[in-house]
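Notes follow the structure.
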């Protein structure tokens with residue numbers, strides 16, 4: 482059974498998250514806790530270590546870490562370099578579990594060939610980014626549907 486979760490918030494990122502669904506034992510209530518709003522101008526979003534204003538890479542690190550949306554950084558061979566806690570919760574694992582593992586381990590086998598082809602097109606600069614609906618594999622064996630946006634990030 483696929484359930485839809487629609488969230489609109491006046492928080493940091495205005496917009497809609499849609500087509501997030503589950504099959505098996507993961508319930509709608511399990512997903513609801515993954516999304517927590519952070520108000521514009523929130524002290525948590527602006528203050529870095531030592532109470533100073535976060536800028537540049539500090540702001541990226543805070544946003545990545547505290548985002549209620551699952552985020553991951555992969556190297557050019559498809560291995561996880563960094564994963565935030567929200568991404569880990571979606572797949573039922575701690576964030577550090579993913580380090581050095583290939584994204585294909587958590588992608589539904591029927592979706593993997595398409596993912597690999599799109600990533601290759603991205604790395605050949607044939608696409609500026611891509612967005613797909615795909616299935617992830619949860620630790621409990623459930624299939625998690627998600628809309629994924631992938632882009633190349635200069636280092």
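Numbering (the working numbering), first residue to last: 482 to 636. For glycine and all other residues, C-beta sits at the position ideal for the given N, C-alpha and C.
Assuming residue 631 and residue 611 form a contact by the criterion Cβ under 8 Å, report the distance between their Cβ atoms to the nearest whole angstrom. Position 150 of the chain shown, counting from 1, holds the residue named residue 631. Position 130 of the chain shown, counting from 1, holds the residue named residue 611. Right, the Cβ-Cβ distance comes to about 6 Å (below 8 Å), so this counts as a contact.
Candidates 613, 573, 626, 576: closest to residue 596 by CA position: Taking the chain shown and counting its residues from 1, the one referred to as residue 596 is at position 115. Looking at the Cα atoms, 613 is the closest of the given residues.
Can you tell me which of 557, 547, 548, 623 puts its alpha carbon nearest to the alpha carbon of residue 638? Lying before the first or after the last residue shown, residue 638 is absent from the chain, which here runs from 482 to 636.
Might you give, ordered along the chain, the residues of its own chain that have their beta carbon closer than 8 Å to the beta carbon of residue 548, omitting 5 neighbours on each side? For the purposes of this step, residue 548 is taken as the residue at position 67 of the chain shown. Excluding positions up to five away in sequence, the list reads 565, 567.
What is the DSSP secondary structure of residue 605, counted as helix, strand or coil? Here residue 605 refers to the residue found at position 124 of the chain shown. Coil.
Would you kindly report the start and end of the unbroken beta strand (DSSP E) that includes residue 558? Residue 558 sits at position 77 when you count from the first residue of the chain shown. Where residue 558 is concerned, there is no enclosing beta strand (DSSP E), given that its DSSP letter is neither H nor E.
If you drop the 5 nearest sequence neighbours on each side, which residues of the same chain put their C-beta closer than 8 Å to that of residue 634? Working through the chain shown from its first residue, we reach residue 634 at position 153. Correct list, in chain order: 554.
Run of the beta strand (DSSP E) containing residue 616, from where it starts to where it stops: Counting from 1 along the chain shown, the entry for residue 616 is found at position 135. Run containing residue 616: 610-618, per the beta strand (DSSP E) assignment.
Provide the residue(s) that pair with residue 583 in DSSP beta bridges, ordered along the chain. Counting from 1 along the chain shown, the entry for residue 583 is found at position 102. In the DSSP output, where bridge partners are listed per residue, residue 583 has 560.
Cβ-Cβ distance between residue 559 and residue 619 below 9 Å: Taking the chain shown and counting its residues from 1, the one referred to as residue 559 is at position 78. Taking the chain shown and counting its residues from 1, the one referred to as residue 619 is at position 138. Not in contact: residue 559 and residue 619 (Cβ atoms no closer than 9 Å).
Determine the DSSP secondary structure at residue 625, reduced to helix, strand or coil. Taking the chain shown and counting its residues from 1, the one referred to as residue 625 is at position 144. Three-state DSSP puts residue 625 in a strand.
Nearest candidate by alpha-carbon position, reference residue 616, set 569, 601, 590: As a working mapping, residue 616 is identified with position 135 in the chain shown. Of the candidates 569, 601, 590, the one whose C-alpha sits nearest the C-alpha of residue 616 is 590.
Can you list, in chain order, the residues of its chain whose CB lies under 8 Å from that of residue 608, leaving out five sequence neighbours each side? For the purposes of this step, residue 608 is taken as residue 127 along the chain shown, with counting starting at 1. These residues qualify, in order along the chain: 599, 602.
For residue 545, which residues from the same chain have a beta carbon less than 6 Å from its beta carbon, with the 5 sequence-adjacent residues on both sides left out? In the chain shown, residue 545 corresponds to position 64, counting from 1. Correct list, in chain order: 552, 565.
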